[in-house]
Structures are given as C-alpha cells and as structure tokens.
C-alpha cells in the first residue's frame, strides 16, 4: 500500500508549475533562481496561502534542471604597456584642416563576429569631418597585418 504524498510534495507541484511558467516566460529560460524568485514576488504568487521562498525556488529549479543563462565575461582587448613610449602628438590635439589632404586621422578597432574577432581600420580626412566620410577602410582577421595603404 502506497502512502499519500505529504503536504510539502503537494505544495512543490504547485510551486514548480509557477516556477516553470516564469522561467519559460523569460524569453525561453533566461531567468535564474533570483530573477524567478523576484518575479514570483512581484506577481504576488501565493501557493497554499504563502509566498514562495527563495530556497524552495532554488531547490526545485536544481532538482528539475532549470538554469538561467549566464552573461559571458567581457573580453579585455586592450592591455596598455605603461613602460612603452607614447607616440608623439604631431597635430597638437588640433583636429582641423583648411583644405583636403592636409590632415588624416586613423584608428582601428576590434569587432566580435560569429566567426571570431575582425579588425577594422579606417582613415578620415579631417577636412571632411562634417560629412563623417570615412575615406579608407580595411577589414582583416589578423590585426598585425592591418593597414590603410
């Protein structure tokens, strides 16, 4: 003869239904324990007259394999060398020109793509900065060979 489920087991079934609803409603399961718990409290969800405890949500989510999505750690792309010599400021921070081809500024950056990092270099003639015209662009998968020539 089998015993009837205890009060905790009966409550767990009801709580799990609410947890699944919130978890799956978070764009396919983004929410972890804390966000599920806080969402249940924002909605004033009561199961058998009492609010859901965080430890209950944690226990049931762990037992049923419900996990949130972790944000990936940001990649640190630039690590400055404090001992290296700085490039001289040839324009003395005056980014103006009275005619084309007097002053060009260049820069490069990293862009994360599905295939990996892509390095983008661009050059701008300062005379045309009102137009925001980028004169030369080079896209490369190897940052050591990038150039605008």
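Numbering (the numbering used here), first residue to last: 55 to 203. Note that CB positions come from ideal geometry on N, CA and C, so glycine has one too. Computed from a prediction, not measured in an experiment: that's the story for all the values here.
Under the three-pair Cβ rule at 8 angstroms, the segment 81 to 97 counts as touching the segment 108 to 116. Annotated as distal: residue 165 and residue 149, with beta-carbon spacing of 9 angstroms or more. Secondary structure at residue 63: helix, using DSSP grouped into helix, strand and coil. Cβ-Cβ distances below 8 angstroms link residue 140 to nothing in the same chain once the five nearest sequence neighbours on each side are left out. Minimum Cα-Cα distance from residue 144 among the listed residues 153, 185, 134 and 157 corresponds to 157. Counting every other CB atom within 10 Å of its CB across the protein chains shown gives residue 106 a total of 16 or more, marking it as buried.
According to DSSP, residue pairing for residue 162 in a beta bridge involves 175. When rounded, the separation of the alpha-carbon atoms in residue 184 and residue 161 is 18 angstroms. Rounded to the nearest angstrom, the gap between the Cα atoms of residue 61 and residue 91 is 21 angstroms.
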